[in-house]
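Engineer:
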Amino acid sequence: WRDNQALFMGIAKLIYGLSILLTPIFGLIGDRLAYKSHALGRRLFVRVGIIVAAVGIFVCHWSAQSTPDRPGHFSLFMLGILIWRLGEGFNDVTTEAICP
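Just so you know, we're using the numbering used here here: the sequence shown kicks off at 1 and counts up by one.
#1: Within 10 angstroms of the Cβ of residue 42, are there 16 or more other Cβ atoms? Answer buried if so, exposed if not.
#2: Do you know offhand how far residue 14's Cα is from residue 89's?
#3: What residue range is occupied by the uninterrupted alpha helix (DSSP H) comprising residue 40?
#4: For residue 52 versus residue 83, is the C-beta distance shorter than 9 angstroms?
#5: Can you tell me where the alpha helix (DSSP H) holding residue 89 begins and where it ends?
#6: Taking only the alpha-carbon atoms, compute the straight-line gap between residue 63 and residue 54 and give it to the nearest angstrom.
#7: If you draw a straight line from the C-alpha of residue 30 to the C-alpha of residue 40, how long is it?
#8: To the nearest angstrom, report how far apart residue 81 and residue 33 are at their CA atoms.
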């Protein structure tokens, strides 16, 4: 990963931008679900967001571990960041809807 620091930062910024771009869409879906059932829209988004973010953190942790015979997985780590950020987006939308 030392040789690809610029690539790592570039992809991480693209993932961050994608998650920010999807935040209004998550908010729209959450608001429509909350209109039908407040518990369904808000609680579900918080729970799903926590689970998805936890899976992303686990993927990052697992893929970053390297041993002398197995280097860390760069692309899998990036996938973990994407999953983590999407889960954080679910939580962000719900938090901002409850506490503006």
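Just so you know, even glycine gets a beta-carbon here, dropped at the ideal spot from N, CA and C.
Because the structure is a prediction, the values reported are computed rather than measured.
Structural biologist: Reading it off the structure:
#1: Per the 10 Å Cβ criterion, buried.
#2: Distance between the alpha carbons of residue 14 and residue 89 is about 15 angstroms.
#3: Careful: residue 40 lies outside any alpha helix (DSSP H) and carries neither H nor E.
#4: In this structure, residue 83 lies closer than 9 angstroms to residue 52 by Cβ.
#5: 74–98 is the extent of the alpha helix (DSSP H) around residue 89.
#6: Cα to Cα, residue 63 sits roughly 14 angstroms from residue 54.
#7: Going from the Cα of residue 30 to the Cα of residue 40 covers about 9 angstroms.
#8: Straight-line Cα distance between these residues: approximately 27 angstroms.
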